[in-house]
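Undergrad:
Residue numbers (my numbering): 111 to 561.
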């Protein structure tokens with residue numbers, strides 16, 4: 111990262127800022143972060159200074175002292191928080207990790223010399239769609255507040271913000287005469303929402319309750335407000351084409367297929383209805399989803415969407431694949447003319463995706479409108495065999511952990527050399543990230559990647 115409740119929901123929606131906070135507000139947010147982590151007494155010994163970004167537009171952070179206090183310098187809230195973490199690591203020999211969130215401070219703080227560091231890549235990405243099931247399904251605001259502090263201190267400025275999207279689905283499908291009770295027959299239970307959201311299953315572990323959906327919507331508002339106050343750019347979901355059975359019954363003219371039985375889930379839990387992206391209804395639903403989501407949560411114009419996660423398109427014809435991705439992008443733009451699509455490259459590990467098919471699917475969307483997450487680049491890099499995704503901006507990620515499994519594993523030299531190769535050889539690399547399916551595991555692997 112660096113180089114040497116419905117009524118309550120509508121009331122809370124007004125609190126979600128439309129844009130990333132201004133610099134002075136980010137400075138105040140960083141100061142509040144230090145107060146939460148260090149405590150009031152120690153926080154008095156830190157000063158905060160805003161400094162310009164680099165000539166290339168990269169964030170900059172710095173450390174200094176005024177003879178009695180530690181000065182944290184940064185070009186924004188995340189940079190200031192990162193400077194604080196740098197001080198903890200290098201001058202207090204301590205780590206604010208994602209499990210304990212606890213730091214012991216000495217009675218007298220050592221004073222750092224005047225030093226500055228600049229980012230080598232624009233973005234630090236965090237979270238896997240599956241982390242919201244394996245680790246964060248039941249996390250409340252008390253946990254999220256600490257976790258967002260940790261994100262900022264690690265330099266994360268592009269976090270995946272996937273809470274509360276079931277409220278968006280409810281409001282979206284209500285436009286098309288689908289009742290809440292019919293949505294309950296579609297939406298999975300809380301721990302299984304990631305795979306529901308990717309169209310791999312439906313209704314498993316349900317029925318979901320209105321209280322849960324409304325509670326998560328309020329939590330999403332709190333999370334987004336804090337992320338934006340620190341200068342982060344949260345990534346929100348977009349409509350990926352999966353339909354409740356009631357929608358197909360009430361709109362029999364739509365062009366749909368059924369997903370393969372992912373992990374052999376029987377009916378009614380498997381064989382999810384998938385709306386053909388080139389169907390006009392896809393554009394209408396995609397627009398409605400973005401509009402309802404923006405009304406609730408505002409937007410930062412970056413949307414994560416996977417239409418073929420661990421499932422194959424019904425045709426491998428390059429022309430069909432090109433028309434499919436183009437239609438997905440068009441649906442996003444119908445709801446937000448500034449939309450940027452952030453897509454996982456996980457699907458391209460399937461042998462179905464030959465070079466010509468990948469190029470057709472990616473090439474139908476302009477380069478600046480589609481960003482790619484090379485999800486397991488530390489060991490199964492896709493950028494190397496696709497000419498850096500044929501010019502699309504991409505983020506190099508360490509996945510490492512599946513299902514939250516525990517173990518002292520991780521190849522740090524491989525992470526270092528892999529990211530170094532991308533940095534030196536690819537002109538479209540624009541970030542680094544960690545995409546583990548479960549957190550609270552082998553911390554050093556992820557701390558090392560983000561560093």
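Built from N, CA and C at the ideal position, the CB exists for glycine as well.
The structure presented is a predicted model; accordingly, all values stated were derived computationally and were not measured.
On a CA-only basis, which of 316, 189, 273 is nearest residue 293? Give me that one, please.
TA: Indexing the chain shown from 1 puts residue 293 at position 183. Per the Cα distances, 316.
Undergrad: Can you check whether the CB of residue 429 is closer than 8 Å to the CB of residue 393?
TA: Walking along the chain shown from the start, residue 393 turns up at place 283. Walking along the chain shown from the start, residue 429 turns up at place 319. Their beta carbons are not under 8 Å apart, which means residue 393 does not touch residue 429 by this criterion.
Undergrad: Using a Cβ-based criterion (distance less than 7 Å to any ligand heavy atom), does residue 378 qualify as near the ligand FMN?
TA: Inclusion of the ligand FMN in the displayed structure is not the case, the ligand content being empty and no account of it being possible.
Undergrad: According to DSSP, is residue 124 part of a helix, a strand, or is it coil?
TA: Residue 124 sits at position 14 when you count from the first residue of the chain shown. The predicted position of residue 124 is uncertain, since its pLDDT is 46 and thus under 50; a value taken from the coordinates is nonetheless stated next. Here residue 124 sits in coil by DSSP.
Undergrad: For a test of the three-state rule: what should DSSP assign to residue 114, helix, strand or coil?
TA: Walking along the chain shown from the start, residue 114 turns up at place 4. At residue 114, the pLDDT of 40 sits below 50, so the modelled position is not reliable and the matter cannot be decided from this model.
Undergrad: Three-state secondary structure (DSSP) at residue 54?
TA: Nothing in the structure corresponds to residue 54, since the chain is present only between 111 and 561.
Undergrad: Which term fits residue 515, buried or exposed, when burial requires 16 or more other beta carbons within 10 angstroms of its beta carbon?
TA: Working through the chain shown from its first residue, we reach residue 515 at position 405. Exposed is the call here.
Undergrad: Measuring only the C-alpha atoms, how far is residue 263 from residue 340?
TA: The residue you call residue 263 lines up with position 153 of the chain shown. The residue you call residue 340 lines up with position 230 of the chain shown. One C-alpha to the other measures close to 10 Å.
Undergrad: For a test of the three-state rule: what should DSSP assign to residue 332, helix, strand or coil?
TA: One-based indexing of the chain shown puts residue 332 at position 222. Three-state DSSP puts residue 332 in a helix.
Undergrad: In three-state DSSP terms, what is residue 466?
TA: Sequence index remark: in the chain shown, residue 466 carries index 356 (1-based). In the structure shown, residue 466 sits in a helix (DSSP, three-state: H, G or I).
Undergrad: DSSP three-state label for residue 272, please.
TA: Within the chain shown, residue 272 is the residue found at index 162, counting from 1. Coil, per DSSP.
Undergrad: CA-CA distance, residue 470 and residue 531?
TA: As a first step, residue 470 must be located in the chain shown, where it is residue number 360. As a first step, residue 531 must be located in the chain shown, where it is residue number 421. Looking at the two C-alpha atoms, the distance is approximately 26 Å.
Undergrad: What whole-angstrom Cβ distance do residue 283 and residue 362 have, given they're in contact under 8 Å?
TA: Taking the first residue of the chain shown as 1, we reach residue 283 at position 173. Taking the first residue of the chain shown as 1, we reach residue 362 at position 252. Not quite, the Cβ-Cβ distance comes to about 16 Å (not below 8 Å), so this is no contact.
Undergrad: Use the C-beta contact count for residue 495: other C-beta atoms within 10 angstroms, 16 or more gives buried, fewer gives exposed.
TA: Numbered from its first residue, the chain shown carries residue 495 at position 385. Looking at its Cβ environment, which holds fewer than 16 other Cβ atoms inside 10 Å, residue 495 is exposed.
Undergrad: Between residue 290 and residue 313, which are expected to be in contact by the criterion C-beta below 8 Å, what is the C-beta distance as a whole number of angstroms?
TA: Your numbering for residue 290 matches position 180 in the chain shown. Your numbering for residue 313 matches position 203 in the chain shown. Wrong, their Cβ atoms sit about 14 Å apart, outside the cutoff.
Undergrad: In angstroms, rounded to a whole number, what distance separates the CA positions of residue 346 and residue 432?
TA: By 1-based counting over the chain shown, the position of residue 346 is 236. By 1-based counting over the chain shown, the position of residue 432 is 322. The alpha-carbon atoms of residue 346 and residue 432 are separated by roughly 24 Å.
Undergrad: Whole angstroms is fine: what's the gap from residue 558's alpha carbon to residue 287's?
TA: Translated into positions along the chain shown, residue 558 becomes position 448. Translated into positions along the chain shown, residue 287 becomes position 177. Residue 558 and residue 287: Cα-Cα distance of roughly 49 Å.
Undergrad: Please report the straight-line C-alpha distance between residue 114 and residue 190, rounded to a whole angstrom.
TA: Along the chain shown, read from residue 1 onward, the residue named residue 114 stands at position 4. Along the chain shown, read from residue 1 onward, the residue named residue 190 stands at position 80. In this predicted model, residue 114 has a pLDDT of only 40, less than 50, meaning its place in the structure is not dependable; the value taken from the coordinates is given anyway. Cα-Cα distance, rounded: 16 Å.
Undergrad: Please report the distance separating the alpha-carbon of residue 455 from that of residue 209.
TA: Numbered from 1 along the chain shown, position 345 holds the residue referred to as residue 455. Numbered from 1 along the chain shown, position 99 holds the residue referred to as residue 209. Computed Cα separation, rounded: 29 Å.
Undergrad: Between residue 457 and residue 219, what straight-line distance do the alpha-carbon atoms span, to the nearest angstrom?
TA: If you number the chain shown from 1, residue 457 lands on position 347. If you number the chain shown from 1, residue 219 lands on position 109. For residue 457 and residue 219, the distance between alpha carbons rounds to 49 Å.
Undergrad: Hey, out of 411, 368, 409, 461, whose CA is closest to residue 417's CA?
TA: Against the chain shown, residue 417 aligns to sequence position 307. Of the listed residues, the one whose Cα sits closest to residue 417 is 368.
Undergrad: Just to confirm the assignment, what range does the beta strand (DSSP E) spanning residue 452 have?
TA: Taking the chain shown and counting its residues from 1, one reaches residue 452 at position 342. Note, residue 452: beta strand (DSSP E), 450-454.
Undergrad: Exposed or buried, what is residue 251 when buried is set at 16 or more other beta-carbons lying within 10 Å of its beta-carbon?
TA: For this step, residue 251 is matched to residue 141 along the chain shown. Burial call: exposed.
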